[in-house]
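Undergrad: Handing you a structure now.
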Amino acid sequence: MKLNAIIEQLLTKLLTKLLLLLLWVGILAACSQESSFITMTPDVTPTATLPALAPVARTQADEQSVLVTPSPVITVLPTPTLTITAVSDPMFAVAAELAQATPPERDDVALAMAYRGVSERPSLTAPPITDPLPVGTRQTFRITNIDNNTVSSIEAELLAVGKHAYFWFDTGAGSFLPDPEDVAQAAAAFDEIYEKAIGYFGSENNPGIDGDPRLYIVHASPLVLCDVTLSTLENCGLAGYFSASNSLPIQIDANSNEHEMFVMNVRQFGTSFYLNVLAHEFRHMIEDNHDKGDADWEVEGSAVLAEELLGFSQVAHQRANLFLRQPDIQLNSWSDTDTAPHYGKGYLFNRYLWHRLGAELYYEFATSPATGLLALDEIAQQHGLSWTGESLWLDWLLTLALQNETAVFPEYHIPDITLNTVAMTNITSLPAVYDTTVSQYAADYYQLPDQTVTLRWLGDERVSLLAVPPEDGGWFWYAQRANYSNPRLTRLVDLRGVTQATLQYDVYVDIERGYDFAYVSVSTDNGRTWHGLEANGMQGLDEADNPAHTALTRRFYTGRHQRWWTEQIDLTPYVGQEILLRFEYVTDLVLTYDGFAVDNIAIPEIGFYDDAETAVAGWQAEGFSRVPPYLPQTWHLRLITFPQGIPAIIPLEATAGLPIQHTVEIAPGERPPILLIAATAPMTLQPAHYQLELSP
2 MKLNAIIEQL
12 LTKLLTKLLL
22 LLLWVGILAA
32 CSQESSFITM
42 TPDVTPTATL
52 PALAPVARTQ
62 ADEQSVLVTP
72 SPVITVLPTP
82 TLTITAVSDP
92 MFAVAAELAQ
102 ATPPERDDVA
112 LAMAYRGVSE
122 RPSLTAPPIT
132 DPLPVGTRQT
142 FRITNIDNNT
152 VSSIEAELLA
162 VGKHAYFWFD
172 TGAGSFLPDP
182 EDVAQAAAAF
192 DEIYEKAIGY
202 FGSENNPGID
212 GDPRLYIVHA
222 SPLVLCDVTL
232 STLENCGLAG
242 YFSASNSLPI
252 QIDANSNEHE
262 MFVMNVRQFG
272 TSFYLNVLAH
282 EFRHMIEDNH
292 DKGDADWEVE
302 GSAVLAEELL
312 GFSQVAHQRA
322 NLFLRQPDIQ
332 LNSWSDTDTA
342 PHYGKGYLFN
352 RYLWHRLGAE
362 LYYEFATSPA
372 TGLLALDEIA
382 QQHGLSWTGE
392 SLWLDWLLTL
402 ALQNETAVFP
412 EYHIPDITLN
422 TVAMTNITSL
432 PAVYDTTVSQ
442 YAADYYQLPD
452 QTVTLRWLGD
462 ERVSLLAVPP
472 EDGGWFWYAQ
482 RANYSNPRLT
492 RLVDLRGVTQ
502 ATLQYDVYVD
512 IERGYDFAYV
522 SVSTDNGRTW
532 HGLEANGMQG
542 LDEADNPAHT
552 ALTRRFYTGR
562 HQRWWTEQID
572 LTPYVGQEIL
582 LRFEYVTDLV
592 LTYDGFAVDN
602 IAIPEIGFYD
612 DAETAVAGWQ
622 AEGFSRVPPY
632 LPQTWHLRLI
642 TFPQGIPAII
652 PLEATAGLPI
662 QHTVEIAPGE
672 RPPILLIAAT
682 APMTLQPAHY
692 QLELSP
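Each number in the numbering used here comes from the position in the sequence shown (counting from 1) with 1 added on.
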């Protein structure tokens, strides 16, 4: 029996090696073929409180600068499973367009004039106010419930007047009026925060819409901020929020308070976290004055950085370590659930940029109207610097692996901060095969074994732009994904020669419900005003679709449908005239999903049809792109070795879908190498698929 068992084990090992050999023979054979294979009203920026986080325990692995995670299940793959479809030149051209795309910024005044009957642009400023309001003044404020996106009114009393802010406190149920001396101390503390913050990040809009140089800090009851009761006030997870709509005239936004203001949970007052939140929300207010539509990682990460720079770093490092435990989180994406690692991600990248750029260039970055990595590109061009936004991001990814090394170049280290090293898959035995994915603008990290190892890698050469491509597999019109944006696709339609007309189109919707909206509209006065059309598949009949009543039309698209369907709208009421037809998408300050796309647009009665396969003249595309269902997938592989204990970085170039094969030899006693695998493709939220094999 023992002999049989030994023979069985030997046969199993031989079969495993044979299957691995067949796998890579198949891949190489495929590569040799001629055809290449390819791989809350809408303007609320909330800050969620975190439960008290215990310090992250440092393990022995941490002391060795590697926070390891269990290896994934190792699977021997009998055949390649990657995408085997050629990437065309037009696909590369579209990817280049999307990578540089900046859709039109949302203009709330223009939208109100177009859809809500506002006849002229109201003033966004008021005569300057020189005398501050007296303590004891009472005013009514409209407050957003962050759980259900509804708005209610409170009465608040002014308890303190600082040099830069008024401190108001809710007088209703679930609130309290603190000791005036405590409020005066808080006002003095905020004055210090204010003066330091504008030096780091620039100023808010001052004196702003109300003409008052002091901003408003309104402390509201959890009863109006969250879906809680008097017995569950502690369950309100909101510390505070900033809403850009408060800086708009009330005739533009009915929920506006017409002040530069942010809202605090009154229960935060007097806690150790209170000043953190004041610093965080004030940074959001400053951001709104310079770039309303910046990337989530910059907006939230810079606000957490503000907490640290201003002396309130209680949770910044803890959030950073939460991200480092799960680094496969897309940089240019956000979450509506587990946000703490996303805050950590944004903070760490901003913290790295603060060190790498220095205070002066970071100030330029913070005040730039350009978005995310594009702002870094512009700064480099203006100053004749050799890096790009993407190269800084890649250096940051390497820094996450090398942060705790003692001998490392400055560009791979963040000073004056104690962090865990990024989590890695620890490979302890060979052979090993991984069939997995990595998020766009994120990285997987592997700690290789301390022996000579041959790695073979192959990644998909393309990735889907949307979660669900169109059924016909063809091109379509896509609204570029961005915060606080307003992509528009418009054309003139001549209905003078027909007695009836029908608009038909396919639509894809993956939109933040109740915050972002898409519309189909017509104009009969050359674009001065617009009227929403209604289709059966549109939302708007459920109160939850538009709880804050911020949508521009009665029916609209919103919600996470993540599918295509066909719509039909009767245009007969508009026959006998020329009209403008528009597809329009409007987003808020934070969080976007796949978004909005249309295809197979037709008006049969006039012989119009556009399947987006070729460019059809007549469209005015502002923030819309004609796109294929797939984009080229770009890969970034970096091997880190440690000769004589000093990190050496070796780029492994991925070319045209061909596999990478590389043998890593290390000297006796040398540190195990680290392999970093990162992926980039513009706009998409779909992960990138790859295979990795390691053998002796």
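All residues carry an ideal CB built from backbone N, CA and C; glycine is no exception.
Considering only the alpha carbon of each residue, which of 453, 239, 441 and 420 lies closest to residue 432?
TA: Residue mapping note: residue 432 aligns to position 431 of the sequence shown, counting from 1. Of 453, 239, 441 and 420, the residue nearest in Cα terms is 453.
Undergrad: Looking only at C-alpha atoms, which of 540, 669 and 420 sits nearest to residue 326?
TA: Here residue 326 corresponds to residue number 325 of the sequence shown, with the count starting at 1. Nearest of 540, 669 and 420 to residue 326, Cα basis: 420.
Undergrad: Does the distance from the C-beta atom of residue 308 to that of residue 317 stay below 8 Å?
TA: Mapped onto the sequence shown, residue 308 falls at position 307. Mapped onto the sequence shown, residue 317 falls at position 316. Yes, these two residues count as a Cβ contact at 8 Å.
Undergrad: Is residue 268 helix, strand or coil when you go by DSSP?
TA: Taking the first residue of the sequence shown as position 1, residue 268 is located at position 267. Three-state DSSP puts residue 268 in a helix.
Undergrad: Indicate the three-state DSSP secondary structure (helix, strand or coil) for residue 364 in the structure shown.
TA: Residue numbering aside, residue 364 sits at position 363 when the sequence shown is read from its first letter. Note: residue 364 maps to helix in three-state DSSP.
Undergrad: Identify, in the order they occur along the chain, each residue of the same chain with its Cβ nearer than 8 Å to the Cβ of residue 617, setting aside the five sequence neighbours on each side.
TA: Locating residue 617 in the sequence shown gives position 616, counting from the first residue. Answer for residue 617: 611, listed in chain order.
Undergrad: What does DSSP give as the partner residues of residue 652 in its beta bridges?
TA: Counting from one through the sequence shown, the residue named residue 652 turns up at place 651. Paired residue(s): 639.
Undergrad: Taking a contact to mean a Cβ-Cβ separation below 8 Å, would you say residue 168 touches residue 187 in this structure?
TA: Taking the sequence shown and counting its residues from 1, one reaches residue 168 at position 167. Taking the sequence shown and counting its residues from 1, one reaches residue 187 at position 186. It is a contact, given that the beta carbons lie within the stated cut-off.
Undergrad: In the DSSP assignment, find the beta strand (DSSP E) that holds residue 628 and state where it starts and stops.
TA: As a working mapping, residue 628 is identified with position 627 in the sequence shown. 625-628 is the extent of the beta strand (DSSP E) around residue 628.
Undergrad: Can you tell me where the beta strand (DSSP E) with residue 447 in it begins and where it stops?
TA: The residue you call residue 447 lines up with position 446 of the sequence shown. 443-448 is the span of the beta strand (DSSP E), which, as asked, contains residue 447.
Undergrad: So, residue 676 versus residue 640, is the Cβ gap smaller than 8 Å?
TA: For this step, residue 676 is matched to residue 675 along the sequence shown. For this step, residue 640 is matched to residue 639 along the sequence shown. Closer than 8 Å, so yes.
Undergrad: Which of the three DSSP states is assigned to residue 512 in this structure?
TA: Here residue 512 corresponds to residue number 511 of the sequence shown, with the count starting at 1. It is a strand residue.
Undergrad: Could you tell me whether the Cβ atoms of residue 274 and residue 240 are closer together than 8 Å?
TA: As a position in the sequence shown, residue 274 is number 273, starting the count at 1. As a position in the sequence shown, residue 240 is number 239, starting the count at 1. Yes. Within cutoff.
Undergrad: Residue 303: buried (16+ other C-beta within 10 angstroms of its C-beta) or exposed?
TA: Translated into the one-based positions of the sequence shown, residue 303 becomes position 302. Residue 303 should be labelled buried.
Undergrad: So, with DSSP's three-state summary, where would you put residue 591?
TA: Within the sequence shown, numbered from 1, the residue matching residue 591 stands at position 590. Three-state DSSP puts residue 591 in coil, outside helix and strand.
Undergrad: Assign residue 428 to one of two classes, buried (16 or more other C-beta atoms within 10 Å of its C-beta) or exposed (fewer than that).
TA: Numbered from 1 along the sequence shown, position 427 holds the residue referred to as residue 428. Burial call: buried.
Undergrad: Of the choices 683, 88 and 673, whose alpha-carbon is the least far from that of residue 425?
TA: Indexing the sequence shown from 1 puts residue 425 at position 424. Minimum Cα distance to residue 425 is reached at 673.
Undergrad: Please report how far the alpha carbon of residue 299 lies from the alpha carbon of residue 203, in whole angstroms.
TA: If you number the sequence shown from 1, residue 299 lands on position 298. If you number the sequence shown from 1, residue 203 lands on position 202. Approximately 15 Å, taken between the alpha carbons.
Undergrad: Quick one: grab the DSSP three-state call for residue 308.
TA: Taking the sequence shown and counting its residues from 1, the one referred to as residue 308 is at position 307. Reduced to three states, the DSSP call for residue 308 is helix.
Undergrad: Using 8 Å as the cut-off, can you tell me whether the region 503-518 makes contact with the region 106-114, which would need three or more C-beta pairs spanning the two stretches below that distance?
TA: Output reads no: the region 106-114 does not touch the region 503-518.
Undergrad: With which residues is residue 166 paired in a DSSP beta bridge?
TA: By one-based count along the sequence shown, residue 166 stands at place 165. Per DSSP, 216.
Undergrad: Suppose you measure from the CA of residue 434 to the CA of residue 457; what does that come to, to the nearest Å?
TA: Position 433 of the sequence shown, counted from the first residue, corresponds to residue 434. Position 456 of the sequence shown, counted from the first residue, corresponds to residue 457. Each residue's alpha carbon lies about 9 Å from the other.
Undergrad: DSSP state of residue 690, grouped into three classes?
TA: The residue labelled residue 690 in the question sits at position 689 within the sequence shown. Note: residue 690 maps to strand in three-state DSSP.
Undergrad: Look at the alpha carbon of residue 583 and the alpha carbon of residue 621, and state the distance between them as a whole number of angstroms.
TA: Here the question's residue 583 lines up with position 582 in the sequence shown. Here the question's residue 621 lines up with position 620 in the sequence shown. If you take the alpha carbons of residue 583 and residue 621, they lie about 9 Å apart.
Undergrad: Residues in the same chain with beta-carbon distance under 8 Å from residue 197, minus the five sequence neighbours each way, listed in chain order, please.
TA: Residue 197 sits at position 196 when you count from the first residue of the sequence shown. Hits under 8 Å: 310 and 311.
Undergrad: Looking at residue 486: is its Cβ nearer than 8 Å to the Cβ of residue 105?
TA: Here the question's residue 486 lines up with position 485 in the sequence shown. Here the question's residue 105 lines up with position 104 in the sequence shown. In contact: residue 486 and residue 105 (Cβ atoms closer than 8 Å).
Undergrad: Check residue 95 in the structure and name its three-state DSSP category.
TA: The residue you call residue 95 lines up with position 94 of the sequence shown. Note: residue 95 maps to helix in three-state DSSP.
Undergrad: Taking the Cβ atom as the reference point for each residue, do residue 286 and residue 220 lie within a distance shorter than 8 Å?
TA: Taking the first residue of the sequence shown as 1, we reach residue 286 at position 285. Taking the first residue of the sequence shown as 1, we reach residue 220 at position 219. In this structure, residue 220 does not lie closer than 8 Å to residue 286 by Cβ.
Undergrad: If contact is defined by three or more beta carbon pairs under 8 Å, each pair taking one atom from either stretch, is the region 488-504 in contact with the region 627-643?
TA: Short answer: they don't touch.
Undergrad: Quick one, are the C-beta atoms of residue 678 and residue 439 less than 8 Å apart?
TA: The sequence position of residue 678 within the sequence shown is 677, counting from 1. The sequence position of residue 439 within the sequence shown is 438, counting from 1. Cβ atoms of residue 678 and residue 439: closer than 8 Å.
Undergrad: Give a yes or no on whether the C-beta atoms belonging to residue 580 and residue 496 are separated by under 8 Å.
TA: To locate residue 580, count along the sequence shown from 1; it is residue 579. To locate residue 496, count along the sequence shown from 1; it is residue 495. Contact: yes.
Undergrad: Tell me whether the beta-carbon of residue 413 lies closer than 8 Å to the beta-carbon of residue 400.
TA: The sequence position of residue 413 within the sequence shown is 412, counting from 1. The sequence position of residue 400 within the sequence shown is 399, counting from 1. Yes, they are a contact pair.
Undergrad: With a 10 Å radius around its C-beta and 16 neighbouring C-beta atoms as the bar for buried, classify residue 130 as buried or exposed.
TA: Working through the sequence shown from its first residue, we reach residue 130 at position 129. The residue in question, residue 130, is exposed, as its Cβ has fewer than 16 Cβ neighbours within 10 Å.
Undergrad: Tell me whether residue 690 is buried or exposed, calling it buried when 16 or more other Cβ atoms sit within 10 Å of its Cβ.
TA: Counted from its first residue, the sequence shown places residue 690 at position 689. Under this definition residue 690 is a buried residue.
Undergrad: Is there contact here, the region 504-511 with the region 554-571, by at least three beta-carbon pairs under 8 Å?
TA: Yes, the region 504-511 touches the region 554-571.
Undergrad: Classify residue 600: buried if its beta carbon has 16 or more other beta carbons within 10 angstroms, exposed otherwise.
TA: For the purposes of this step, residue 600 is identified with residue 599 of the sequence shown, where counting begins at 1. So residue 600 ends up on the buried side.
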